[in-house]
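Reviewing the structure listed below.
Residue numbers (my numbering): 81 to 406.
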């Protein structure tokens, strides 16, 4: 009589996906570790961030999620990236939208850190590569230029309403000063781009597309580091030009764009307006949409999206734009 021995297979539970959400302020980093559910905090300085790196390693973090907070998150992002810790930078609008969707309406540093950890666990945002120091400098200059342009718009409106000639003359002088400052910053942008072979090539490719000039190229270089390394859907989403559904039951709401990186969306609007005049391919695409009855905003947003996807493709293939043959 033979005895059949049954082999017992030992199954082990899969390791949990560990996410650390970090709410960033000027002086402090508040952490929440998921799924453990623990809160911690570190100083937002070189010493505190070094402790943070060791903490992430000790806890075998699969993903760290920071919220973009201007310059306050940059040191932590750069240091974590250099240490090999996978880090995603969440857009504040998207993380707050996620918080509302899960019923987290209260807002404190500890709650925000927990929301970011949950966002990372459920959404799994892509890992972000921090901009180089040169890209950060270019970003700072493009922001300064954008602020001057906004100031000029206000001054021109004031000038059109000025009753006193002395006031009008002073406003004119301030507008002229703003214009000189703009030119100086544009010259500085061109010089900085020339300093780096990689950035120079990216600029060359981007500005080969009719409609994209120096300031648009500089903004894309500094604000959309993923361009050329992500797929079309990701680029549209990161830039805030992907249409979002507003449907519920049988109701079908209008599609809207939003979220993403506003500086990119702003410059791409101006690029799209220029492209429908000077880029035959984009002009034909725009006219097809208009003939189909699409409103201006819908049509111009589609051109923005098409331009961005085109730029993404050209950068990924390292080639210049060429007009489609007739």
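Backbone N, C-alpha and C fix where the C-beta goes; we use that ideal spot for every residue, glycine too. This structure is a prediction, so every number in the text was calculated from the model and none was measured.
Legend entry - Given residue 115 as reference, the closest of 379, 101, 320 and 403 once Cα atoms are compared: 101
Inset, instruction - With distances taken Cα to Cα, identify the nearest neighbour of residue 192 among 312, 119 and 396. - result: 119
Legend entry - First through last residue of the beta strand (DSSP E) which encompasses residue 359: Note, residue 359: premise wrong, no beta strand (DSSP E); not H, not E.
Legend entry - residue 164 in three-state terms, based on DSSP: coil
Legend entry - Cut-off 8 Å between Cβ atoms - residues of its own chain near residue 363, not counting five sequence neighbours on either side: 355, 356 and 357
Legend entry - Top-ranked residue by Cα proximity to residue 359, from 251, 403 and 239: 403
Legend entry - residue 319 beta carbon less than 8 Å from that of residue 344: yes
Legend entry - Helix, strand or coil at residue 97 [DSSP, three-state]: coil
Inset, instruction - Tell me whether residue 124 counts as near the ligand PLP, meaning its Cβ is closer than 7 Å to at least one heavy atom of that ligand. - result: As for the ligand PLP, it is missing from this structure, which has no ligand bound.
Inset, instruction - Determine the extent of the beta strand (DSSP E) in which residue 119 is found, giving its start and end residues. - result: 118-123
Inset, instruction - Quick one: using the 10 Å Cβ neighbour count with 16 as the cut-off for buried, is residue 207 buried or exposed? - result: exposed
Legend entry - Best match in 400, 349 and 242 for proximity to residue 385 [C-alpha to C-alpha]: 349
Inset, instruction - Please list, in chain order, all residues of the same chain as residue 297 whose beta carbon is under 7 Å from its beta carbon, the five residues on each side excluded. - result: 283, 286 and 287
Legend entry - Identity of the residue in 366, 194, 133 and 212 nearest residue 306 by Cα: 212
Inset, instruction - Check whether the Cβ atoms of residue 255 and residue 233 sit closer than 8 Å, and answer yes or no. - result: no
Inset, instruction - For the beta strand (DSSP E) holding residue 110, just list the boundary residues, first then last. - result: 108-114
Inset, instruction - Count the C-beta pairs between the stretch 134-152 and the stretch 160-178 that are closer than 8 Å, then say yes if the count reaches three, no if not. - result: yes
Inset, instruction - Since I believe residue 122 is in contact with residue 143 (beta carbons under 8 Å), could you give me their beta-carbon distance rounded to a whole number of angstroms? - result: 18 Å between Cβ atoms; not a contact.
Inset, instruction - Return the first residue and the last residue of the alpha helix (DSSP H) that residue 378 is part of. - result: 376-397
Inset, instruction - Assign residue 174 to one of two classes, buried (16 or more other C-beta atoms within 10 Å of its C-beta) or exposed (fewer than that). - result: buried
Legend entry - For residue 142, the residue or residues it bridges with in DSSP: BP columns for residue 142 are empty, so no partner.
Legend entry - Distance between beta carbons of residue 274 and residue 295, contact taken as under 8 Å: No, residue 295 and residue 274 are not in contact; Cβ-Cβ is about 16 Å, not under 8 Å.
Legend entry - Segment limits, alpha helix (DSSP H) that includes residue 313: 312-319
Legend entry - Nonlocal neighbours in the same chain, by C-beta distance under 7 Å from residue 97, ignoring five residues either side: 142 and 201
Legend entry - Span separating the alpha-carbon of residue 263 from that of residue 250: 20 Å
Inset, instruction - May I have the straight-line CA-CA distance separating residue 130 from residue 154, to the nearest angstrom? - result: 14 Å
Inset, instruction - Assign residue 225 to buried or exposed, taking buried as 16 or more other Cβ atoms, counted over all protein chains shown, within 10 Å of its Cβ. - result: buried
Inset, instruction - Please state whether DSSP places residue 344 in a helix, a strand or coil. - result: helix
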